[in-house]
Amino acid sequence: MSMGSCLDRPRRDGQDADEWKPSTAEEAAANIDEWYNAGRLLFPRDNLQSIHDQLQKPLKSGDLIYVRAFDGSMYEYPVRIGEKQGTYVFDDEDFDEDGLARATERKKIDTVLGVPHIYYTSYESLKQGLEWSLSRAYCPIGIAHFMERAGQEVVTVSEVEVEAELKSFRDITSKWEDGDTWRGIKSTLLSLDLCCKIPKVIGMACGRFTATSGYDWYERSAVQHALLILLKRMLEESGLGTEQVACYAQDPVYSPADQAVMKELGIQEVNDPEGFLQMDDSSLVFCCSPNICVKQIMADMARPSIIIWCSVREDDPKYSSYGALSLILD
């Protein structure tokens, strides 16, 4: 299981950020606002496609991943697979049942840097981060490495465990299918007069959902995956979708148990950024309380026919909170 991520400072033309970073936070903020208000995209599709293609290659330590930043410059991120470093963490037993830390001090452990992945920064966070560092001032898309505990054993899942998880998931799906929330969503969708048939359902950041994944709130995530299955089934049966509706799910936290269950259910797990690249104007996208800026990324990528996500309450636009599920229909 990943212990988090390690995010590097980018280089430009082989030079460290100290050689070219903006001179002041005010200068960087003004540039970001100017480019953003002029319509420059933070997360253009061709940029994500280029990074995806690079990540698909057999990378080794010392290779470089190239990312075009918001200022139009090409930045370089070194691949550091296999490097060892220490990090400070709380162990699972250091948290109470509500997920709050019991311990006051983190423990130092040895970690190994794993595969590189994309690190997203929203427009708001890009500007807020200027207070701490200017090296990533213009990098809404960066490259980080997953950190793994040194010596961690590979987790395997038995057929008995998979069958038990499947039964649990199907029970949750059946219970939720009989509930008022699903009936309301289904009724709304069936009333639509769409201009095209929906060929795919895409679930973003739906979380670990099996009991053996070690995630305390797995039932909440299980409901989100149940919704993906119900949406796929409803689209196929109602004629709103194509004869066979594909179902994709993207989340880097999936455990081996999650992956095994999804395979049995017909949910295709995709690695970042494939979920975003699958989005087009005929897709249905579901996302509930993600920890990355899915809305901003999607706004630069596509205009899906149907979006189901949490509504945002603008009590404080800088720190918007999430309310009930909302349907956004094109």
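Per full-length UniProt numbering, residue 1 is the first one in the sequence shown, and the count goes up by one each step. Don't be surprised by glycine CBs; every beta carbon is placed ideally from N, CA and C. Note that the coordinates shown come from a computational prediction; the quantities given were computed from them, not determined experimentally.
In chain order, what are the residue ranges of uninterrupted beta strand (DSSP E) at least 3 long that sit wholly in the region 58 to 90? 64 to 68, 74 to 78, 84 to 89
Is residue 246 helix, strand or coil when you go by DSSP? strand
Using the beta-carbon count (16 or more within 10 Å), is residue 108 buried or exposed? exposed
Report yes if the CB atom of residue 250 is closer than 8 Å to the CB atom of residue 266, and no otherwise. no
Any idea which residues DSSP pairs residue 147 with across the strands? 113
Select from 115, 36, 284, 224 the residue whose C-alpha is nearest the C-alpha of residue 272. 115
C-alpha gap between residue 29 and residue 137, whole angstroms: 8 Å
What is the residue span of the alpha helix (DSSP H) that residue 298 lies within? 294 to 301
Buried or exposed: which applies to residue 27, given that a residue is buried once 16 or more other Cβ atoms fall within 10 Å of its Cβ? exposed
What separation, rounded to the nearest whole angstrom, lies between the Cα atoms of residue 257 and residue 167? 13 Å
So the alpha helix (DSSP H) residue 169 belongs to, where does it begin and stop? 159 to 177
Just curious, the beta strand (DSSP E) that residue 203 is in, first and last residue? 198 to 204
Residue range of the unbroken beta strand (DSSP E) whose run includes residue 227: Note, residue 227: premise wrong, no beta strand (DSSP E); alpha helix (DSSP H) at 218 to 238.
Got a sec: is the Cβ-Cβ distance from residue 9 to anything in chain D below 8 Å? Absent here is chain D; the protein component of the structure consists of one chain.
Would you grab the beta carbon distance between residue 150 and residue 111 for me? Rounded to a whole angstrom, and I think it's under 8 Å. 6 Å
Out of 20, 131, 85, 143, point me to the one whose CA is closest to residue 63's CA. 143
In three-state DSSP terms, what is residue 153? coil
Within the same chain, show all residues whose beta-carbon is closer than 6 Å to that of residue 18, passing over the 5 residues directly before and after it, in chain order. none
May I ask you to verify whether the region 192 to 203 touches the region 278 to 288, counting CB pairs closer than 8 Å and requiring at least 3? yes
Unbroken alpha helix (DSSP H) run spanning residue 55, endpoints: 45 to 55
Could you give the DSSP three-state label for residue 276: helix, strand or coil? helix
Rounded to a whole number of angstroms, what is the C-alpha to C-alpha distance between residue 211 and residue 6? 28 Å
Looking at residue 55: is its Cβ nearer than 8 Å to the Cβ of residue 140? no
Which stretch, first to last residue, makes up the beta strand (DSSP E) that contains residue 134? Looking at the DSSP string, residue 134 is not in any beta strand (DSSP E), and its letter there is neither H nor E.
Return helix, strand or coil for residue 7, following the three-state DSSP convention. strand
What do you reckon, are the CB atoms on residue 10 and residue 83 nearer than 8 Å? no
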